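Asks: Here it is: the structure, laid out below.
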Amino acid sequence: MIIKDFKVNKSCVNEQLILSDEKFPLDMDKRDFIKKVLKGAIAGSLFLVFPMDTTGGGNFDKNSTLKDGISTFDPTIKLPEEIPEIRDRQYDIYKQNFAFIVDITRCIGCGSCCVADKREYNVPDGNYRTWVERYIKDFDDQVYVDCPNGGLDGYQKPRTDIPLNARDTFFVPKLCNMCKEAPCVQVCPVGATFISPDGFILMDSDRCVGCAYCIQACPYSARFLNPITKTAEKCTWCYHRVRKGLLPACVEVCPTGARKFGSLNDENSEVYKILKGPGVLTVLKQSMGTLPALYYMGQRLEVV
Amino acid sequence: MNPTLYKASTELSHGASMLISNYVFPNDLHVHWSMMIVLYPYITGLVDGAFIIAALYYLFDVKSLKPIARFSLLFAFAFLCCATLPLLLHLGRPERNFNMLLTPSPSSAMAGFGYIYAVSMGVLSFIVLFVYRPDLVERGKKAKGFMKLLYRALTFDSNDLSEKALALDGKIIRFLVGLGIPVAAVLHGYVGFIFGGVKANPTWSTPLMPVIFLFSACVSGISAIIIAYIIIRKIGGHSVDSDCIRTCIKTLTGFFILAFSFEMLEVFSHSYLKTGYHHMVEGLLNGPLASSFWLWQVKICSVIPLILLGCMAFIPLKDAIYTAISGLVSAILLLQVFIMRWNVVIGGQLMSKSARGYTEFHPEWFDKEGIAAVIIIMLIPFIILFVLGKIFPFWAEERKSGIQ
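So the sequence lines, in the order shown, correspond to chains U and E. Start counting the first sequence at 48; every next residue gets the next number (this note's numbering). Start counting the second sequence at 38; every next residue gets the next number (this note's numbering).
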């Protein structure tokens with residue numbers, strides 16, 4: 048951050064120097080000024096009249112292809128790398144160490160993460176790879192929790208079925224905990240779910256027999272049986288994106304930074320700084336001995 | 038405030054607040070293990086119990102069980118043939134079931150099923166063939182064409198019925214039954230462990246689970262044999278061996294006392310230990326399962342049979358009355374074990390892992406795992422038994438020679 052601030056300051060100084068170097072910057076003829084504004088307005092409106100050519104020219108030409116008359120754009124090439132030191136490098140699967148942190152104090156319950164997740168994986172209705180819970184505590188210390196439609200619609204309206212006034216309310220995003228001692232992996236009879244050497248619990252849907260034992264074994268209820276494929280499914284922390292140097296979809300869209308993901312090998316990553324810092328982090332259901340790699344900041348006693 | 042009182046009140050309010058919102062994790066709304074998984078331990082339980090009766094006769098020389106020893110073996114075999122059906126119906130991708138045998142994950146308790154089942158099936162099949170060898174040899178001599186070939190195969194092409202050969206058969210049977218007892222215990226104890234090994238579910242996660250399953254298996258199997266024996270004999274117009282029934286009931290009483298004690302011990306342990314989730318277990322038993330657990334499993338199907346079994350043990354009764362009550366007790370206990378399986382398998386899943394609420398389960402009639410499927414699966418072993426009865430005579434006195 049210090050370096051960044053310094054750069055900003057430096058650029059401001061340069062700008063000021065440039066301005067002061069200009070001769071008579073305000074001594075402009077009014078007629079010339081209006082002419083320039085009009086030219087600019089006409090030129091700008093022409094961009095609106097003529098649609099941008101998506102098949103050639105512009106910045107997108109190198110990454111765009113025209114297939115059956117429809118322009119497709121591969122976003123991964125142009126998107127900036129979000130997790131450093133992954134793209135265009137040899138991925139040593141045995142030396143990776145990722146962490147996911149959920150900051151409860153930042154979550155506003157907008158449901159963007161759930162929508163992004165559903166769209167990323169085409170999750171069937173009624174099943175959830177990730178969801179956001181709403182906790183409300185009244186003045187009698189009673190806790191009311193709900194999660195209509197997994198939080199997909201966002202929490203736009205307050206609950207009206209609570210007799211006392213709400214004293215406190217907060218939102219808790221939930222997803223796969225990527226346990227280091229994963230019960231789901233232990234119980235899978237065919238090894239369809241496994242821990243990859245880089246610490247992700249993944250599913251091989253081509254091997255899964257759909258016995259649902261992993262669903263029973265997961266203490267966090269992060270798994271479900273896909274009604275279409277009839278195999279077990281769960282959040283993968285968007286492994287396919289991570290391997291391309293991109294953040295998980297839910298992290299990408301979170302407007303408040305409540306979901307954080309990064310490599311612990313990168314000392315500049317936010318997750319590294321949080322995990323190595325003095326702040327209090329907790330995991331869900333610690334007594335289960337599953338050693339999750341999903342950490343919670345600002346975790347509350349009421350959260351299970 | 039008194040610190041103890043304060044602690045108790047906070048615990049109470051915490052517990053109450055845990056339950057008040059009835060929040061179920063979104064993925065917990067659906068009960069994934071439904072009636073087929075209730076049926077699976079029920080069927081293996083029937084196999085185990087029936088096998089115990091046969092073992093008592095063939096290995097432990099309980100002579101009074103002779104009339105039903107052979108029938109018990111066939112009964113166990115018929116049900117063992119169908120033990121995999123509920124599992125196959127339950128699997129999302131049943132066509133991949135052989136993956137469990139071909140590429141098992143050694144860390145998974147479930148991966149052992151195929152092997153344990155195969156060993157059980159092998160041992161039981163050999164016991165049946167050796168026990169019935171004299172009958173099969175005799176029938177083979179009279180048979181023609183394909184049936185003759187079948188009998189030759191079933192007798193391992195050995196028609197030697199000399200005393201020496203029969204004595205060797207006896208030794209082999211004792212060895213196989215001796216081997217079969219641990220195999221049967223593993224088959225069913227292991228089913229209990231499938232549940233007991235799920236630490237995420239507080240109602241399942243107890244080392245008592247395999248023990249409870251094993252004893253209740255013996256109860257259901259022996260009860261089934263008693264009922265089947267009485268009904269088949271009565272239908273055929275034959276007499277019922279009173280000594281045999283009395284021995285069965287005594288064995289049943291012993292196993293049921295053990296099974297019921299352990300079932301209650303589990304509930305008592307939850308209540309006394311007050312572990313992290315005890316309020317949820319308590320809420321489950323007194324809420325969604327209040328009727329199926331306390332009323333049906335405990336009061337109607339356990340206390341009443343215990344009283345009846347006590348009466349049968351201490352009051353001298355006429356044979357006909359004793360037999361009638363035996364049938365009644367056995368029928369209630371068969372229901373008890375089924376309800377117990379239901380309460381464990383489905384009841385356990387009604388409790389969300391959110392520890393804040395309970396989901397609901399409504400069985401469907403016409404579903405892959407529906408009531409109609411349950412009825413059909415439970416009928417198949419009887420069809421198999423009927424067919425087996427044409428090849429292997431059920432009752433000992435129907436044959437004149439061979440191993441008694």
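Cβ atoms here follow ideal geometry from the backbone N, Cα and C, with glycine treated the same way. These numbers come from a predicted model, not from an experiment.
1. What residues of chain U sit near serine 391/E, judged by a beta carbon separation below 8 angstroms?
2. So leucine 379/E is in the alpha helix (DSSP H); what residue range does that whole segment cover?
3. How big is the Cα-Cα spacing for aspartate 85/E and alanine 254/E?
4. Smallest Cα separation from tyrosine 267/U: which of Lys405/E, Val99/E, Leu66/E and Ser391/E?
5. Report the residue ranges of all alpha helix (DSSP H) runs contained in full by the stretch 100–169 of chain E; include only those spanning at least 4 residues, in chain order.
6. Phenylalanine 241/U lies in the beta strand (DSSP E); which residues open and close that run?
7. Comparing the C-beta of tryptophan 432/E with each C-beta of chain U, is any distance below 7 angstroms?
8. In chain order, what residues of the stretch 70–81 of chain E put their CB closer than 8 angstroms to some CB of chain U?
9. Counting only the same chain and skipping the five closest in sequence on each side, list residues whose C-beta sits under 8 angstroms from that of leucine 111/E.
10. Nearest-angstrom Cα distance between phenylalanine 147/U and proline 244/U?
11. State the CB to CB distance for the pair proline 219/E and phenylalanine 230/E, rounded to an integer number of angstroms; the pair is presumed to be in contact (CB under 8 angstroms).
12. Enumerate in chain order the residues of its own chain whose CB-to-CB distance from glutamate 132/U is below 7 angstroms, with the five nearest sequence positions on each side excluded.
13. If you pair each beta-carbon of the stretch 303–320 of chain U with each one of the stretch 206–219 of chain E, do three or more pairs fall below 8 angstroms?
14. Beta-carbon separation of serine 109/E and isoleucine 90/E under 7 angstroms?
15. Let's test the definition: count the other Cβ atoms within 10 Å of the Cβ of leucine 272/U and tell me whether it reaches 16, buried, or not, exposed.
16. Quick one, which of Ile412/E, Ile420/E and Phe419/E has its alpha-carbon nearest leucine 76/E's?
17. With a threshold of 7 angstroms between beta-carbons, can asparagine 136/E be considered close to chain U, or not?
18. Could you check the C-alpha separation between threonine 243/E and alanine 296/E for me, to the nearest Å?
19. Report buried or exposed for proline 63/E, applying the criterion of at least 16 other Cβ atoms within 10 angstroms of its Cβ.
20. On a Cα-Cα basis, can you pick out the residue from Pro230/U, Cys223/U, Gly201/U and Val232/U that is closest to phenylalanine 217/U?
21. On the three-state DSSP scale, how would you describe proline 171/U?
22. Of all the options Ala239/U, Gly345/U, Pro325/U and Ser316/U, which has the alpha carbon lying nearest to the alpha carbon of asparagine 144/U?
23. Along chain U, in chain order, which residues have C-beta atoms closer than 7 angstroms to that of aspartate 65/E?
24. Between valine 61/E and threonine 396/E, which are expected to be in contact by the criterion C-beta below 8 angstroms, what is the C-beta distance as a whole number of angstroms?
25. Name the chain E residues that come within less than 7 angstroms of lysine 277/U, Cβ to Cβ?
26. What residue from Met73/E, Gly149/E, Leu93/E and Ser328/E has the CA that sits closest to alanine 409/E's CA?
27. Buried or exposed for threonine 337/U, going by 16 or more other Cβ atoms inside 10 Å?
28. Please report the straight-line C-alpha distance between aspartate 100/U and alanine 229/U, rounded to a whole angstrom.
29. DSSP on proline 131/U, reduced to helix/strand/coil?
30. Exposed or buried, what is proline 239/E when buried is set at 16 or more other beta-carbons lying within 10 Å of its beta-carbon?
31. Give the single residue among Arg206/U, Thr152/U and Ala239/U whose Cα lies nearest to the Cα of valine 327/U.
32. Report the residues of the stretch 223–241 of chain E with a CB closer than 9 angstroms to any CB of chain U, ordered along the chain.
33. Secondary structure at leucine 425/E, three-state DSSP: helix, strand or coil?
34. Which value, in whole angstroms, describes the spacing of the CA atoms of cysteine 285/E and asparagine 134/E?
35. Any C-beta of chain U sitting closer than 7 angstroms to the C-beta of phenylalanine 183/E?
36. Serine 25/E touches chain U at which residues, Cβ-Cβ below 9 angstroms?
Replies: Checking against the coordinates, here is how it stands:
1. Against the second sequence, residue 391/E aligns to sequence position 354. Counting only Cβ-Cβ distances below 8 angstroms, serine 391/E has contacts in chain U at Val192, Ser268 and Val351, in chain order.
2. Position 342 of the second sequence, counting from 1, holds the residue named residue 379/E. The question names leucine, yet the displayed sequence has tryptophan at residue 379/E. Looking at the DSSP string, the run of the alpha helix (DSSP H) that includes tryptophan 379/E is 356–387.
3. Sequence index remark: in the second sequence, residue 85/E carries index 48 (1-based). Sequence index remark: in the second sequence, residue 254/E carries index 217 (1-based). C-alpha separation (whole angstroms): 6 angstroms.
4. Walking along the first sequence from the start, residue 267/U turns up at place 220. The shortest Cα separation from tyrosine 267/U among Lys405/E, Val99/E, Leu66/E and Ser391/E belongs to Ser391/E.
5. The stretch 100–169 of chain E contains, as complete alpha helix (DSSP H) runs of 4+ residues, the segments 103–118, 121–127, 136–139 and 150–168 (chain order).
6. Sequence index remark: in the first sequence, residue 241/U carries index 194 (1-based). Element bounds for phenylalanine 241/U: 240–242.
7. Position 395 of the second sequence, counting from 1, holds the residue named residue 432/E. No - not a single Cβ of chain U is within 7 angstroms of the one on tryptophan 432/E.
8. Taking 8 angstroms as the Cβ-Cβ cut-off against chain U, the residues of the stretch 70–81 of chain E that qualify are Trp70.
9. Working through the second sequence from its first residue, we reach residue 111/E at position 74. Closer than 8 angstroms at Cβ, skipping near neighbours: Val165, Leu422, Leu425, Gly426, Phe429 and Phe431.
10. Counted from its first residue, the first sequence places residue 147/U at position 100. Counted from its first residue, the first sequence places residue 244/U at position 197. C-alpha of phenylalanine 147/U to C-alpha of proline 244/U: approximately 17 angstroms in a straight line.
11. As a first step, residue 219/E is located in the second sequence; it is residue number 182 there, counting from the start. As a first step, residue 230/E is located in the second sequence; it is residue number 193 there, counting from the start. So it is not a contact: roughly 15 angstroms between Cβ atoms.
12. Reading the first sequence from its first residue, position 85 is the one you call residue 132/U. Hits under 7 angstroms: Asp313.
13. Cβ pair count under 8 angstroms is below three, so no.
14. Here residue 109/E is taken as the residue at index 72 of the second sequence, counted from 1. Here residue 90/E is taken as the residue at index 53 of the second sequence, counted from 1. Judged by beta-carbon spacing, isoleucine 90/E lies within the 7 angstroms limit of serine 109/E, meaning their Cβ atoms are closer than that value.
15. Counted from its first residue, the first sequence places residue 272/U at position 225. Leucine 272/U should be labelled buried.
16. Looking up residue 76/E in the second sequence gives position 39. Of the listed residues, the one whose Cα sits closest to leucine 76/E is Ile412/E.
17. Here residue 136/E corresponds to residue number 99 of the second sequence, with the count starting at 1. Cβ-Cβ to chain U under 7 angstroms: yes for asparagine 136/E.
18. If you number the second sequence from 1, residue 243/E lands on position 206. If you number the second sequence from 1, residue 296/E lands on position 259. Linking threonine 243/E to alanine 296/E through their CA atoms gives a straight-line distance of about 15 angstroms.
19. Reading the second sequence from its first residue, position 26 is the one you call residue 63/E. Burial call: buried.
20. Along the first sequence, read from residue 1 onward, the residue named residue 217/U stands at position 170. For phenylalanine 217/U, the nearest C-alpha among the options comes from Gly201/U.
21. Locating residue 171/U in the first sequence gives position 124, where the first residue counts as 1. In this structure, proline 171/U counts as coil in the three-state DSSP scheme.
22. Taking the first sequence and counting its residues from 1, one reaches residue 144/U at position 97. Minimum Cα distance to asparagine 144/U is reached at Ser316/U.
23. Taking the first residue of the second sequence as position 1, residue 65/E is located at position 28. Those within 7 angstroms of aspartate 65/E in chain U are Ser268.
24. Residue 61/E sits at position 24 when you count from the first residue of the second sequence. Residue 396/E sits at position 359 when you count from the first residue of the second sequence. Right, their Cβ atoms sit about 5 angstroms apart.
25. Indexing the first sequence from 1 puts residue 277/U at position 230. Within chain E, the residues near lysine 277/U are Gly129 and Arg130.
26. The count along the second sequence starts at 1 and reaches residue 409/E at position 372. When each option's Cα is compared against that of alanine 409/E, the closest is Met73/E.
27. Position 290 of the first sequence, counting from 1, holds the residue named residue 337/U. Residue environment for threonine 337/U: buried (at least 16 other C-beta atoms within 10 angstroms of its C-beta).
28. Taking the first residue of the first sequence as 1, we reach residue 100/U at position 53. Taking the first residue of the first sequence as 1, we reach residue 229/U at position 182. Confidence at aspartate 100/U is low in this model, with a pLDDT of 48, below 50, so its placement is unreliable and no value can be given for it.
29. Position 84 of the first sequence, counted from the start, is the residue given in the question as residue 131/U. Of the three classes helix, strand and coil, the one that applies to proline 131/U here is coil, per DSSP.
30. The sequence position of residue 239/E within the second sequence is 202, counting from 1. Sixteen is the threshold: when 16 or more other Cβ atoms of the shown chains lie within 10 Å of the Cβ of proline 239/E, as they do, the residue is buried.
31. Counted from its first residue, the first sequence places residue 327/U at position 280. Checking every option, the nearest Cα to that of valine 327/U belongs to Thr152/U.
32. For the stretch 223–241 of chain E, which is checked against every Cβ of chain U, the residues closer than 9 angstroms are Ile231, Phe232, Gly234, Val235, Lys236, Ala237, Asn238 and Trp241.
33. Reading the second sequence from its first residue, position 388 is the one you call residue 425/E. Look at leucine 425/E here: in three-state DSSP terms it is helix.
34. On the second sequence, position 248 is the one that residue 285/E refers to. On the second sequence, position 97 is the one that residue 134/E refers to. Distance between the alpha carbons of cysteine 285/E and asparagine 134/E: 37 angstroms.
35. Numbered from its first residue, the second sequence carries residue 183/E at position 146. Not one chain U Cβ lies under 7 angstroms of phenylalanine 183/E.
36. In this structure chain E extends from 38 to 441, so residue 25/E is not present and cannot be described.
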